[in-house]
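What follows is a single structure, written as structure tokens, with notes after it.
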Amino acid sequence: MSEITSITTPIRLDYTYTAGHATQRFLLGMAEGRILGQRCPECAKVYVPPRGACPKCGVPTTDEVEVTGKGTVTTFCIVRIPSDVLSVPPPFTCAHVLLDGADLPFFALIQECEFDKVRMGMRVEAVWAPKAELAATFESIRYFRPIAEPDAPYESYKEHL
Amino acid sequence: MAETTSTRLTAAHVLEYPYRRSVGPVLGAFFTGLTERRLVGVRARDGRVLVPPVEYDPESGEAIGEMVEVGPGGVVTTWAWVEKPRPKHPLDRPFAWALVRLDGAGSAMLHAVDAGSAAGMRTGMRVRPRWKAEPEGNIHDIVCFEPEARGTDPETP
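Note that the protein sequences, when read in sequence, are chains A and B. So the numbering used here is basically just the index in the first sequence, starting at one, shifted up by 5. So the numbering used here is basically just the index in the second sequence, starting at one, shifted up by 1.
Shown next, in the form of structure tokens:
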């Protein structure tokens with residue numbers, strides 16, 4: 006055997022993730038093709054996905070809110086490095102999408118669009134998995150794609166960068 | 002929002018970093034040696050042989066690189082018994098983590114010892130490596146250490 010110049014030293018942690026009430030509501034919504042968030046009773050911000058409490062006010066978020074799959078790209082990055090966990094070949098674009106009516110951007114893959122045409126303010130919509138494949142997972146939303154609407158003005162999302 | 006249903010969503014979640022690190026000339030010699038079923042250390046400035054080898058003298062900090070073959074047998078200098086091995090442990094049955102000072106070495110190396118039961122372990126016992134069939138150039142080329150045949154232990158009558 007030839008000279009050894011490198012070794013692999015994987016670090017691996019195996020968790021069992023338990024969703025909890027708020028995330029479970031959201032995930033069960035995903036299985037129905039719905040996007041569910043929660044509104045803070047004090048500051049009225051809407052969190053999607055919900056975490057069960059408002060990080061700003063420190064109170065439980067009790068009101069459930071449904072939002073649509075339409076939103077605005079607040080920021081993005083072009084990925085040029087292949088990954089075992091994403092089936093999409095690089096280059097592709099990942100973005101933060103601020104769903105209409107929500108106050109927390111949603112991490113999303115952008116498709117049906119040239120990777121270098123994605124821009125801040127671009128209007129997009131969720132593309133869902135076929136109905137038979139909907140499940141209690143983020144992957145029920147396959148990706149987001151551009152829609153024929155004018156770009157949102159910077160002022161409309163500058164608080165959410 | 003109080004969830005009245007008894008559903009509780011859980012899922013396996015794996016966090017894994019598949020690091021590859023370059024080993025340099027000194028550890029590289031150690032790992033290359035394993036592929037040939039040879040154990041090598043490095044001579045420190047005070048004459049001791051350190052196994053696994055290090056690139057710099059632990060006292061003076063000078064670069065060192067004189068490789069010295071050691072072992073393959075050695076002596077257990079201390080150990081801890083593992084009654085219930087965990088999934089990623091090197092053996093799937095009870096074993097000892099031990100520091101093994103290989104013959105000719107001045108430092109001890111951590112590895113597993115397959116001794117059957119804690120009663121089979123003793124500080125000062127002689128052990129030898131059990132090699133993997135197809136070495137790959139990493140520490141797992143030594144499956145574990147095992148007690149040398151009875152009578153080779155100088156402290157056993």
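Glycine is no exception: its CB is placed at the ideal position from the N, C-alpha and C atoms. Only a predicted model underlies this, so the values are computations on that prediction, with no experimental measurement involved.
Cα-Cα separation, residue i to residue j
i: residue 61/B; j: residue 85/A; result: 45 Å
i: residue 75/A; j: residue 141/B; result: 52 Å
i: residue 162/A; j: residue 63/B; result: 57 Å
i: residue 156/B; j: residue 148/B; result: For residue 156/B, the predicted model reports a pLDDT of 46, less than 50, meaning its position is unreliable; a value from the coordinates is still stated below. Each residue's Cα considered, the two are about 13 Å apart.
i: residue 22/B; j: residue 145/A; result: 37 Å
i: residue 75/B; j: residue 39/B; result: 13 Å
i: residue 31/A; j: residue 39/A; result: 8 Å
i: residue 127/B; j: residue 56/A; result: 57 Å
i: residue 250/A; j: residue 136/A; result: Here chain A covers residues 6 to 166 and nothing more, so residue 250/A does not appear.
i: residue 23/A; j: residue 67/A; result: 20 Å
i: residue 16/A; j: residue 15/B; result: 10 Å
i: residue 51/A; j: residue 166/A; result: 15 Å
i: residue 11/B; j: residue 47/A; result: 31 Å
i: residue 20/B; j: residue 14/A; result: 5 Å
i: residue 157/A; j: residue 90/A; result: 32 Å
i: residue 84/B; j: residue 134/B; result: 26 Å
i: residue 143/A; j: residue 159/A; result: 27 Å
i: residue 13/B; j: residue 61/A; result: 30 Å
i: residue 95/B; j: residue 28/B; result: 30 Å
i: residue 37/B; j: residue 55/B; result: 20 Å
i: residue 104/A; j: residue 73/A; result: 7 Å
i: residue 30/B; j: residue 93/B; result: 30 Å
i: residue 149/A; j: residue 118/B; result: 59 Å
i: residue 152/B; j: residue 116/B; result: Per-residue confidence for residue 152/B stands at a pLDDT of 48, beneath the threshold of 50, marking its modelled position as unreliable; no derived number is given.
i: residue 146/B; j: residue 88/A; result: 38 Å
i: residue 87/B; j: residue 119/A; result: 48 Å
i: residue 121/B; j: residue 97/B; result: 10 Å
i: residue 57/B; j: residue 12/A; result: 20 Å
i: residue 17/B; j: residue 18/A; result: 6 Å
i: residue 131/B; j: residue 20/A; result: 33 Å
i: residue 164/A; j: residue 37/A; result: 30 Å
i: residue 59/A; j: residue 98/A; result: 29 Å
Cβ pair residue i, residue j closer than 8 Å
i: residue 124/B; j: residue 82/B; result: no
i: residue 24/B; j: residue 41/B; result: no
i: residue 99/B; j: residue 71/B; result: no
i: residue 42/A; j: residue 107/A; result: yes
i: residue 110/B; j: residue 53/B; result: yes
i: residue 102/A; j: residue 110/A; result: yes
i: residue 147/A; j: residue 129/A; result: no
i: residue 125/A; j: residue 78/A; result: yes
i: residue 49/B; j: residue 105/B; result: no
i: residue 80/A; j: residue 54/A; result: no
i: residue 1/B; j: residue 101/B; result: With chain B represented from 2 up to 158, any question about residue 1/B goes unanswered, as that position is not in the structure.
i: residue 117/A; j: residue 151/A; result: yes
8 Å Cβ cut-off: residues of chain A touching residue i
i: residue 9/B; result: 23, 24, 29
Chain B residues whose Cβ lies nearer than 8 Å to that of residue i
i: residue 141/A; result: 10
i: residue 109/A; result: In chain order: nothing, as chain B lies at least about 17 Å away.
i: residue 20/A; result: 13, 14, 15, 16
Contact set between residue i and chain B, taken where Cβ atoms lie within less than 9 Å
i: residue 16/A; result: 16, 17, 18, 19, 20
i: residue 121/A; result: Correct list: empty, because the minimum Cβ distance to chain B is about 29 Å.
Chain-ordered chain B contacts of residue i [CB-CB under 7 Å]
i: residue 32/A; result: 10
Expected contact under 8 Å - CB spacing of residue i and residue j to nearest Å
i: residue 91/B; j: residue 113/B; result: 5 Å
i: residue 138/A; j: residue 33/B; result: With 8 Å as the limit, residue 138/A and residue 33/B do not qualify as a contact, their Cβ atoms being about 50 Å apart.
i: residue 45/A; j: residue 64/A; result: 7 Å
i: residue 100/A; j: residue 113/A; result: 6 Å
i: residue 138/B; j: residue 51/B; result: Not a contact, Cβ separation roughly 20 Å.
i: residue 45/B; j: residue 59/B; result: 7 Å
Item checked: Contact list for the stretch 11-32 of chain B against chain A, Cβ threshold 7 Å -> 11, 12, 13, 14, 15, 16, 17, 18, 19, 20, 21, 22, 23, 24, 29, 32
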